[in-house]
Amino acid sequence: MRGLERGEVSAESGRDGSPDPPTSSHPSDAARHLGQEDGGAGLGARVRRGLGLSLANTLLSRVGTFAMGIVLARLLAPDEFGVYAAALVVQHLLLAVNDLGAAAALVRQPGSGRSAVRPLLPTAWTLSVLWGLVGFLLCLLSAPLLAEALGSPEATGVIRLMSVNVVLDGFAAVPGALLTRELAQARRLVADVSGMALNLAVTGALAVLGAGAWSLAGGNIAGTALVVVLLVVLAGTRPRFGLHRAHAATITRCGAAMLGSSTVLVLAQATPQLVTGTLLGASALGLLYLASNVANWPAAIVTGTVERVALATFSRVRERGGDLSRAVSGVFGLVGVVVLPGGIGLAVLAEPLVLVLYGPDWSPAAMALSGLAVAAVARVVSELVFNLMVAAGALASSVGLQLAWLLALVPFSCVGAWWWGLTGVAWAQAFVAATVALPLQVWGAHRAGVRVRELARGVWPASVLGLVLLLALLALRLTGLTAVVELVVGVVLVGVIVVLGGLRQYRRCRGLLDEPAR
1 MRGLERGEVS AESGRDGSPD PPTSSHPSDA ARHLGQEDGG AGLGARVRRG
51 LGLSLANTLL SRVGTFAMGI VLARLLAPDE FGVYAAALVV QHLLLAVNDL
101 GAAAALVRQP GSGRSAVRPL LPTAWTLSVL WGLVGFLLCL LSAPLLAEAL
151 GSPEATGVIR LMSVNVVLDG FAAVPGALLT RELAQARRLV ADVSGMALNL
201 AVTGALAVLG AGAWSLAGGN IAGTALVVVL LVVLAGTRPR FGLHRAHAAT
251 ITRCGAAMLG SSTVLVLAQA TPQLVTGTLL GASALGLLYL ASNVANWPAA
301 IVTGTVERVA LATFSRVRER GGDLSRAVSG VFGLVGVVVL PGGIGLAVLA
351 EPLVLVLYGP DWSPAAMALS GLAVAAVARV VSELVFNLMV AAGALASSVG
401 LQLAWLLALV PFSCVGAWWW GLTGVAWAQA FVAATVALPL QVWGAHRAGV
451 RVRELARGVW PASVLGLVLL LALLALRLTG LTAVVELVVG VVLVGVIVVL
501 GGLRQYRRCR GLLDEPAR
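Its first residue numbered 1, the sequence shown is counted upward by one per residue in the UniProt record's numbering.
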């Protein structure tokens, strides 16, 4: 449910005629209200708890899906993964803008406590659920055309089944946003882990029974349904419908800006699947799906952990009058020492990893994995910059960033597919990420008010550690050890680098977030 935390509202309340939320006009007063909201705890302590619980949530989810992925790779053929991947592409496109900005408007709304957003709730529920139903109907009607466009006509039925998640996501938007706004990651952990467990159980049972791609879709829907029910219960809210014109205007302005940025961002992320399915077929799409999942391991851990708290954190720093540049430097430094070594490790160790974990039938995915692992680093940066620009009220500028990335990605992906097949598609992502996407994200951070020099201070330790790890892993690959030994030694090296660098950057990040407002 990636659409839950995206959107924008004006930092100036009431200019559209809506009631002013109970906020303070002075940054120090806002900071005091924020401290009272959390029993006097500083922002650094609140973020620490949120990050810790969010990390536990993400790790539990990734370990479970990782184990199930290995099992399913032994039970399902690449073309069956390709059918499910086609349906997943469609679902991600719809979920990107599914709530019309309602959830992110709640997260971004100034003020302390739930009273600041309570007047918006009926309108937010109405718009998010209504748009979910519209997306569901559109998906039902257009499923044959979408499946054909993705090079997998047999995915029509799976796409229609997966469209149920679009409706469910409409009901998840408001309670999920309330938990995100309050950094209540303990309750979010209960909901997400419970849904993941049910997802894996249903998927595994259906796969053993021979349901093929339908097993992945059935498990996904079952898990999402449970998450929605638990979010509603744990957030202490229930659907309340109504439509206030001024509140609807606030939310739809968010949605209008968010619609462009989120759609372009998801299209950029979906381009490899779209090009592969159209030009190379379902089997190649299945190989790419597996490679993408593995390549996104460090990225998913980081974004799944940080994204749940990033928007709320950046928004609170601005609201209390803190130094946004230093706060962003701390967060980016912490993220960098995890995702960069992780991406380098996957890129260098792709061949032994695929052979050991998935078997020789999946070996064509290894070269694709190397390129996608490099590109995944840029996607993590992009997600963080997106949240930063939302918090800074500069979301409109993010549309240009993502559009430039997309415009470069499509032709390079097509050329890569025509000349080098699946490997060419994957490495096209890496090339565009390094030459186009990363420079654009630096500009976007600067546009959001972050000093580039401060940002560089945050990420240089990750760059040094990444270079050291790259040289060590390349030397390891030249030793001629067996694939199992290479993989084990390589994982240990990556783990040591991440732990040592992460602990240092974590302390720095917390200290920067706890700095008093100026």
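Quick reminder that beta carbons are idealized off the backbone N, C-alpha and C, glycines included.
Computed from a prediction, not measured in an experiment: that's the story for all the values here.
Measuring only the C-alpha atoms, how far is Leu161 from Val494?
39 Å
From Trp418 to Val425, what distance separates their C-alpha atoms?
9 Å
Does the segment 290 to 303 come within contact of the segment 402 to 415, defined as at least 3 CB pairs closer than 8 Å?
no
Suppose contacts are defined by Cβ-Cβ distances below 9 Å. Is Trp214 in contact with Leu206 by that definition?
yes
Taking Cβ positions, are Val356 and Val229 nearer each other than 9 Å?
no
Spatial neighbours of Leu243 within its chain, please: CB distance less than 7 Å, with the 5 preceding and 5 following residues excluded, ordered by chain position.
Thr123, Thr126
Residue range of the alpha helix (DSSP H) that Phe332 falls in?
324 to 348
Beta carbon of Ala86 nearer than 9 Å to that of Val158:
yes
Nearest to Pro110 by CA position, among Leu340, Glu182, Ile70, is which residue?
Glu182
Among Arg453, Gly82, Phe136, which one has its Cα closest to the Cα of Glu154?
Gly82
Starting from the C-beta of Gly458, find all residues in its chain whose C-beta is less than 7 Å away, skip the five residues before and the five after it, and write them out in chain order.
Ser329, Gly330, Phe332, Gly333
Only counting the same chain, and skipping five residues up and downstream in sequence, which positions put a Cβ closer than 7 Å to that of Gln273?
Ala85, Val89, Leu285, Leu288
Expressed to the nearest angstrom, what Euclidean distance is found between the alpha-carbon atoms of Ala31 and Phe314?
Note that Ala31 has pLDDT 35, beneath the 50 cutoff, so the model's placement of it is unreliable and the number below is only indicative. Taking the straight line from one Cα to the other gives about 13 Å.
Buried or exposed for Pro439, please, with buried defined as at least 16 other CB atoms from any protein chain shown within 10 angstroms of its CB.
exposed
Suppose the cutoff is 7 Å on Cβ atoms and the five residues either side in sequence are ignored; what does the same chain contact list for Leu369 look like?
Ala291, Val294, Ala295, Leu346, Ala350, Val354
For Phe241, which three-state DSSP category applies?
coil
Using CA atoms only, rank isn't needed, just tell me which of Gln429, Val266, Arg453 is closest to Ser325.
Arg453
Tell me which same chain residues have a C-beta within less than 6 Å of the C-beta of Leu231, skipping the five on either side of it?
Ala172, Pro175, Gly176, Ala191
Going by DSSP, what residue range makes up the alpha helix (DSSP H) through Ala291?
282 to 295
Grab me the residues of Pro352's own chain with a C-beta within less than 6 Å of its C-beta, minus the 5 sequence neighbours each way, in chain order.
Ala483, Glu486, Leu487
Just to confirm before moving on: does the CB-CB distance between Arg187 and Leu179 stay below 9 Å?
yes
Arg318, buried or exposed, once every other Cβ within 10 Å from all chains shown has been counted against 16
buried
Taking 7 Å as the limit between beta carbons, can you name the residues of its chain near Tyr506, skipping five residues before and five after?
Leu334
Of the residues Ala327, Leu234, Thr203, Leu384, the one placed nearest Leu189, counting alpha carbons only:
Leu234
Out of Leu422, Gln402, Asp323, Val374, which has the shortest C-alpha to C-alpha gap to Pro341?
Val374
DSSP on Pro119, reduced to helix/strand/coil?
helix
From Thr250, Ala376, Ala433, Asn387, residue whose alpha carbon lies closest to that of Ala404:
Ala433
Which word fits Phe241, buried or exposed, when buried means at least 16 other C-beta atoms lie within 10 angstroms of its C-beta?
exposed
With Leu388 and Ala456 assumed to form a contact (beta carbons below 8 Å), what rounded beta-carbon distance in angstroms separates them?
Not a contact, Cβ separation roughly 16 Å.
Whole-angstrom Cβ separation of Ala497 and Leu470, contact assumed at under 8 Å?
Checking the sequence shown, residue 497 turns out to be Ile, not Ala. Actually they do not touch by this definition, with Cβ atoms about 10 Å apart.
Under 9 Å between C-beta atoms of Pro78 and Trp362:
yes
Under the three-state reduction of DSSP, which class applies to Pro364: helix, strand or coil?
coil
Would you kindly work out how many angstroms separate the C-alpha atoms of Cys509 and Leu467, rounded to a whole number?
22 Å
Determine the DSSP secondary structure at Glu383, reduced to helix, strand or coil.
helix
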